[in-house]
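Input: a single structure, listed below in structure tokens.
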Amino acid sequence: MEKQRTILIADDRPEIRTLVRITLTSDGFNVAECKNAQEAVSLAKTLAPHLIIMDIDMPGKYNGITATSMLTADPQTANIPIIMLTALKGAAKECLDSGASAYLTKPFSPIDLLKNVQQFARNK
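Each residue of the sequence shown is one higher than the one before, counting from 1 in the UniProt record's numbering.
Next comes the structure, spelled out in structure tokens:
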């Protein structure tokens, strides 16, 4: 039996986390949530998720792009794919340059999100 894959969602808006969680759990993923970039970096190290969904604009010391750069530079988390999910239009280059695997804008299609997650969620 295949081990359930864990996805970490980092977004400060609870309604976005809920929508993403419902979308992913309906497809058999296990979901962990956090509300800022610092928590995302910490949880990524302890949970070792199969994939991270990261917002850009969150409260705290640093944003999702900085967190993505930190995660992709750290050997412990460098192989975890990150999908940036943001309301910021025109940030694709910056997101991909920071190490993100994909970039989706809000509002997003749950079907598009699921396709991206299935494409990038690594098997352990």
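We put the CB at the ideal spot given by N, CA and C, even for glycine.
Short Cβ contact (9 Å threshold) for residue i with residue j
{"i": "I65", "j": "C95", "result": "yes"}
{"i": "V117", "j": "L71", "result": "no"}
{"i": "A102", "j": "Q76", "result": "no"}
{"i": "D11", "j": "L114", "result": "no"}
Cut-off 6 Å between Cβ atoms - residues of its own chain near residue i, not counting five sequence neighbours on either side
{"i": "N79", "result": "none"}
{"i": "I111", "result": "none"}
{"i": "S98", "result": "I65, T68, S69"}
{"i": "A92", "result": "Y103"}
{"i": "R21", "result": "V31"}
8 Å CB neighbourhood of residue i in its chain, flanking five on each side removed
{"i": "N30", "result": "Q4, R5, T6, I7"}
Chain D contact for residue i (CB, 9 Å cutoff)
{"i": "M84", "result": "Reference to chain D is not applicable here, since this structure consists of a single protein chain."}
Supposed close pair residue i, residue j - CB separation, criterion 8 Å
{"i": "G60", "j": "A37", "result": "6 Å"}
So, does the segment 13 to 25 touch the segment 40 to 50, judging by three or more C-beta pairs under 8 Å? By the criterion of at least three beta-carbon pairs nearer than 8 Å, the segment 13 to 25 is not in contact with the segment 40 to 50.
Which residue spans inside the UniProt domain "Response regulatory" (6 to 121) form an unbroken beta strand (DSSP E) run of at least 3? Counting whole runs of 3 or more residues, the UniProt domain "Response regulatory" (6 to 121) contains the beta strand (DSSP E) stretches 6 to 10, 30 to 34, 51 to 54, 82 to 86, 102 to 105.
Taking one C-beta from the segment 50 to 63 and one from the segment 81 to 95 each time, how about it: are there three or more such pairs within less than 8 Å? The segment 50 to 63, when compared against the segment 81 to 95, does touch it at the 8 Å Cβ threshold.
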